[in-house]
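Chemist: According to this note's numbering, the residues represented by the sequence shown are 12 to 300, in order.
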Amino acid sequence: MTAPTAPDSAVSTHLVVTGARGQVGRELLRLAPAARGYGRAELDITDPSAVRAVLAPGDVVLNCAAYTAVDRAETEIEAAYVGNETGPAVLAAACADLGARLIHLSTDYVFPGTHDRPYDTTDPTGPATVYGKSKLAGEQALLARCPDAHVVRTAWVYAGRGGDFVATMLRLERERDTVDVVDDQLGSPTYAADLAAALLELAGRPDAPRVLHATNAGQASWFELARAVFAGVGADQGRVRPCDSSAHPRPARRPAYSVLSPRSWNEAGLTPLRDWRTALEDALVRVSD
Ligand SMILES: NC(=O)c1ccc[n+]([C@@H]2O[C@H](COP(=O)([O-])OP(=O)(O)OC[C@H]3O[C@@H](n4cnc5c(N)ncnc54)[C@H](OP(=O)(O)O)[C@@H]3O)[C@@H](O)[C@H]2O)c1
């Protein structure tokens with residue numbers, strides 16, 4: 012995949028984006044401006060009558076709404092399940108009844124993170140965090156109510172804005188001489204714009220498998236990603252220093268290894284996502300504009 016492209020207009024007029032003010036939702040609406048986008052204030056996906064009021068037969072719903080506060084979820088358990096299980100269940104029931112399609116985002120955190128090879132869609136799940144458990148519950152609730160829905164697991168998403176990891180590294184590069192970043196967690200850094208383009212392609216492919224993985228290709232540790240950010244803006248990579256997770260204890264224990272295999276996506280004939288380093292270069296150009 013090169014630069015993300017817009018879908019054809021026939022598909023985009025039936026596209027509905029929920030969670031439209033989040034980082035993936037915003038990219039979807041940028042690439043598909045004819046889509047109907049609803050932020051949380053306009054549509055709470057846990058409200059069945061509100062959901063049914065905005066959907067119509069033939070719609071393709073791209074659900075980007077979720078409870079995404081991974082650390083807070085460890086104590087806000089009910090809120091995590093409401094956002095990540097009840098919400099998808101409500102959407103799925105409405106889509107099944109109305110004859111709308113549903114594409115739902117899930118996460119690498121549904122896996123235990125103990126592999127030393129990429130997780131495939133056929134691998135057993137086993138989340139270690141409340142966030143991961145609530146997202147897995149959402150996948151199951153969704154597929155039970157809407158068997159034609161697609162679950163797309165992604166990982167380590169950034170746009171380079173707000174408080175995401177890439178944006179944080181750009182800020183720390185300006186503010187600090189050195190930054191210590193964990194080097195013992197491996198994952199699949201994914202540019203939100205590339206993910207959005209991939210979801211829009213899937214919107215035109217109802218025949219694709221129910222569960223798919225979509226991330227930029229390759230793998231990295233957070234340390235390697237941080238170094239690539241520094242290098243990308245012409246800063247000395249040596250200012251980023253590796254450390255262990257134990258140096259930054261967090262309420263939710265992150266998987267040590269959560270790289271997602273692109274097999275399901277690529278074998279479906281969907282456009283392979285490009286390497287994460289190339290995608291990051293584009294993201295850095297865009298945020299500097
Ligand atoms: N970001 C990542 O690294 C990552 C990795 C793997 C998977 N994912 C998945 O990818 C999807 C999109 O993530 P993202 O990074 O775009 O997340 P995000 O930036 O946190 O956006 C999520 C949006 O959903 C909204 N929302 C929460 N509860 C809602 C509800 N009940 N009804 C309607 N909207 C609601 C949030 O609004 P408020 O802010 O007002 O709560 C927020 O605008 C999620 O399913 C997430 O689990 C993300």
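Each residue gets a CB set at the ideal place from its N, CA and C atoms; glycine is no exception.
Bear in mind that the values here come from a model prediction, so they are computed numbers and not experimental data.
#1: Less than 8 Å between the C-beta atoms of A237 and V190, yes or no?
#2: So, is R47 buried or exposed, given that buried needs 16 or more other C-beta atoms within 10 angstroms?
#3: Of the residues V222, A43, Q196, which one's Cα is nearest the Cα of T132?
#4: How about the stretch 242 to 260 and the stretch 109 to 128: do they share at least three Cβ pairs that are nearer than 8 Å?
#5: Pull the bridge partners of G48 from the DSSP assignment, please.
#6: Can the beta-carbon of T226 be found closer than 8 Å to that of S199?
#7: Pull the bridge partners of T132 from the DSSP assignment, please.
#8: Enumerate in chain order the residues of its own chain whose CB-to-CB distance from W276 is below 8 Å, with the five nearest sequence positions on each side excluded.
#9: Taking DSSP as the reference, what is the three-state secondary structure of A294?
#10: Could you tell me which residues DSSP puts in a beta bridge with V222?
#11: Answer yes or no: do W167 and T136 have a C-beta to C-beta separation smaller than 8 Å?
#12: Out of G50, L197, D55, V71, which one is the CA nearest neighbour of D127?
#13: Taking the alpha carbon of E212 as the reference point, which residue from L73, G50, E53, I56 has its own alpha carbon closest?
#14: Quick check: what's the CA-CA separation for H25 versus A67?
#15: For the stretch 232 to 274, which segments carrying the alpha helix (DSSP H) assignment without a break, of at least 4 residues, lie completely within its bounds, in sequence order?
#16: Given the structure, does I88 come close to ligand 1, in the sense that its CB is under 7 Å from one of the ligand's heavy atoms?
#17: Answer with buried or exposed for P273, where buried requires no fewer than 16 other C-beta atoms within 10 angstroms of its C-beta.
#18: Hey, quick one: how far does the beta strand (DSSP E) through S117 stretch, first residue to last?
Modeler: Concretely, from the data shown:
#1: By one-based count along the sequence shown, residue 237 stands at place 226. By one-based count along the sequence shown, residue 190 stands at place 179. The answer is yes: Cβ separation under 8 Å.
#2: Translated into positions along the sequence shown, residue 47 becomes position 36. Buried: at least 16 other Cβ atoms inside 10 Å.
#3: Working through the sequence shown from its first residue, we reach residue 132 at position 121. The residue with the shortest Cα to Cα distance from T132 is V222.
#4: no
#5: Within the sequence shown, residue 48 is the residue found at index 37, counting from 1. Paired residues: V28.
#6: Counting from 1 along the sequence shown, the entry for residue 226 is found at position 215. Counting from 1 along the sequence shown, the entry for residue 199 is found at position 188. A contact, by the Cβ cut-off of 8 Å.
#7: Residue 132 sits at position 121 when you count from the first residue of the sequence shown. BP columns for T132 are empty, so no partner.
#8: Locating residue 276 in the sequence shown gives position 265, counting from the first residue. Within the same chain, W276 has close Cβ partners A209, L223, H224, A225, P283, L284.
#9: Residue 294 sits at position 283 when you count from the first residue of the sequence shown. It is helical.
#10: Your numbering for residue 222 matches position 211 in the sequence shown. V162, per the DSSP bridge assignment.
#11: The residue you call residue 167 lines up with position 156 of the sequence shown. The residue you call residue 136 lines up with position 125 of the sequence shown. In this structure, T136 does not lie closer than 8 Å to W167 by Cβ.
#12: Within the sequence shown, numbered from 1, the residue matching residue 127 stands at position 116. D127 has its Cα closest to that of L197, out of G50, L197, D55, V71.
#13: Here residue 212 refers to the residue found at position 201 when the sequence shown is read from its first residue. Among L73, G50, E53, I56, the Cα nearest to that of E212 belongs to L73.
#14: Position 14 of the sequence shown, counted from the first residue, corresponds to residue 25. Position 56 of the sequence shown, counted from the first residue, corresponds to residue 67. Their Cα atoms are separated by approximately 9 Å.
#15: 233 to 243
#16: Counting from 1 along the sequence shown, the entry for residue 88 is found at position 77. Checking every heavy atom of ligand 1 against the Cβ of I88, none is found closer than 7 Å.
#17: In the sequence shown, residue 273 corresponds to position 262, counting from 1. The residue is buried, with at least 16 neighbouring Cβ atoms inside 10 Å.
#18: As a working mapping, residue 117 is identified with position 106 in the sequence shown. Looking at the DSSP string, the run of the beta strand (DSSP E) that includes S117 is 112 to 118.
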